[in-house]
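Trainee: Quick one: the structure is below, questions incoming.
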Amino acid sequence: LGAKAAPAKRGAAARAAGAEAGRTYERELEAAVAAVRRAGLLCAKVQRSLAGSDTQAKTDASPVTVADYGAQAVVALALQRSLDVQTFSMVAEEDSRDLLGEENAPLRARITELVNTALDGELGGPALEEHEVMAAIDAGGSPGGREGRHWVLDPIDGTIGFVNGRQYAIALGLIDQGEPVLGVMGCPNMPHTPMTAQDGTSSALKRGVDPDVGCIFAAVKGQGAFVGPLEGAQGVPRKSASVGDLQSSEAVFMESVEKKHSNHEMSATVARILGVTKEPLRVDSQAKYGAIARGDASIFMRFPPATYREKIWDHAAGAVIITEAGGCVSDATGKPLDFSAGRWLDIEGGIVAAPPTIHPQLIQAIAEARAQAAA
C-alpha cells in the first residue's frame, strides 16, 4: 500500500504494530486485489446480459445468480493458487447445494464456463471441470472463529441491486485470530467521481460501460485505505481514501435502497435529531462503506428487522476499509463489531459508521430516537 498518515488518535506503538502487520499481509493483499478484480469482471459481464435463467431463489427466498456462484469460485481458486497455503479457510455466502440435480445442469454448465473465462489461463493449468468449480464454491464453508486466518467473502453483496441494475460489491476480508485485518472491495458500477442519488438507481448499470466507472478499495490494518479503478489497472490501488470530517449539520447519510433491509423511518428520525437536513443517499451493498471512506457521504445507518441476523461477510471488508479511512464503525449502541464468533455477526440494534467527530453524536441520537419510539 502507499504511505498514509495514521489517524491522530493512534499512538506510535499502534502505528508501528500496524506497519508490521501491513508487511505480514502484503502477499495476501496483492492476491486479494487480483482475485477481486477477476471476480468483478465476471460480475459486470453477467449483469450487462442478465437473463432470467441466470437467477434462482435460495431456500430463504433471497435471489442468487450465476455471478454469485461464479465470483465465489473465482476468488477461492485465485487465492488458493496465488498463496499456495497448506490450510485455506474461507467463510463465504454461497454453497453448491442449490445447484444439485439434473434440472440445474444448465446453471452448473454456465457457471463453469464463466469461471474458466474469468481465469482464462492466467493461473495456469487446463480448463476446470464442473466438479472442480463446485468444489471451489464449497471452499467457502468454513465456520470461521477466533483461531487462525479466515478469508470472508460476499461474492455479490447486494444481489437485489445486482439483479435490478443498481450498485453491488464483491467484498473480501481477512480475519486473523478473530480480528479483521484486511479488506478489498470491488464496486463495478461505482463512478470515480462522488456518488449522487442517480447512482443508486438502475441508471448505474447504464453507466457501467463508462471508463470512469468501476472502483476497487483496499485496506490493511494500520496502513490506511486506498481506492483506484477496478478495470484498466493492475496491482493494489494507490490513491488514499479518507472520510470527510464534517459537522452533523453538513452531513449526508447513506442507507439501503430496500426498506425491508433497513428501517428508513428510524434513519430519518435519527437524522432529524442530529440536525441533518440533506436528503439521504440510498445505495445497495457495502458500496456505501466505500462511498463514505472516500468522502462521498458521512454517515451510514442500517437498522434491519429484529428477526434478521447479520453475517460477517455483510460487513467485514467494508468495516476494515472505513476504519482505515479514519472512520468509526459500530453497532447501534456504540459497541465494536465482533467478527470472531463464527459466521454470524451478533449486534445490538443495527450497524452505523461515521467520522469520529460525528460518531458519538450519532449513537446518542439513536438512543434518543429509540426512547421517543418507546414512549
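Here the sequence shown stands for residues 24 to 398, where the numbers follow our numbering. We treat Cβ as the ideally placed atom computed from N, Cα and C, and that holds for glycine.
(1) If contacts are defined as beta-carbon pairs under 8 Å, then residue 59 and residue 98 qualify, I think. What distance do you get, rounded to the angstrom?
(2) With DSSP as the reference, label residue 389 as helix, strand or coil.
(3) Assuming the contact rule is C-beta atoms closer than 8 Å, residue 10 and residue 62 should be a hit. Round their C-beta distance to whole Å, please.
(4) Between residue 307 and residue 397, what straight-line distance do the alpha-carbon atoms span, to the nearest angstrom?
(5) Who are the near neighbours of residue 341 in its chain, counting only those whose CB is closer than 6 Å to its CB and skipping five residues on each side?
(6) Name the two residues that bound the continuous alpha helix (DSSP H) containing residue 262.
(7) Using a Cβ-Cβ cutoff of less than 6 Å, which residues in the same chain neighbour residue 159 once the five nearest sequence positions on both sides are dropped?
(8) Restricting to Cα atoms, I'd like to know which of 288, 294 and 268 is closest to residue 315.
(9) With a CB to CB cut of under 7 Å and the five nearest residues on each side skipped, what residues in its chain are close to residue 45?
(10) For residue 107, is the classification buried or exposed, using 16 other Cβ atoms within 10 angstroms of its Cβ as the cut-off for buried?
(11) Which one of 273, 332, 347 and 358 has the shortest CA to CA distance from residue 303?
(12) So, with DSSP's three-state summary, where would you put residue 381?
(13) Between which two residues does the beta strand (DSSP E) holding residue 179 run?
(14) With DSSP as the reference, label residue 394 as helix, strand or coil.
(15) Give me, in chain order, the residues of the same chain whose beta-carbon lies closer than 6 Å to that of residue 294; leave out the 5 immediate sequence neighbours on both sides.
(16) Taking the alpha carbon of residue 376 as the point to measure from, which residue in 318, 364 and 365 has its own alpha carbon closest?
(17) Between the stretch 181-189 and the stretch 319-336, do three or more beta carbon pairs fall short of 8 Å?
Mentor: Based on what the coordinates show:
(1) 7 Å
(2) helix
(3) Residue 10 cannot be examined here, being either before or after the span of the chain that is shown, 24 to 398.
(4) Approximately 29 Å between the Cα atoms of the pair.
(5) 309 and 312
(6) Looking at the DSSP string, residue 262 is not in any alpha helix (DSSP H); the run it does join, the beta strand (DSSP E), is 262-264.
(7) These residues qualify, in order along the chain: 96, 99 and 100.
(8) 268
(9) Caution is warranted here: a pLDDT of 41 is assigned to residue 45, below 50, making its placement in the model unreliable, and the coordinate value is therefore given only provisionally. Once the five neighbours on either side are set aside, the close Cβ partners of residue 45 are 24, 243, 245 and 246.
(10) exposed
(11) 273
(12) coil
(13) Counting along the chain, the beta strand (DSSP E) containing residue 179 begins and ends at 172-180.
(14) In this structure, residue 394 counts as helix in the three-state DSSP scheme.
(15) Result list for residue 294: 276, in chain order.
(16) Comparing Cα-Cα distances from residue 376 to each of 318, 364 and 365, the minimum goes to 318.
(17) Two segments are said to touch when three or more pairs of C-beta atoms, one from each, lie closer than 8 Å; by this definition the stretch 181-189 does not touch the stretch 319-336.
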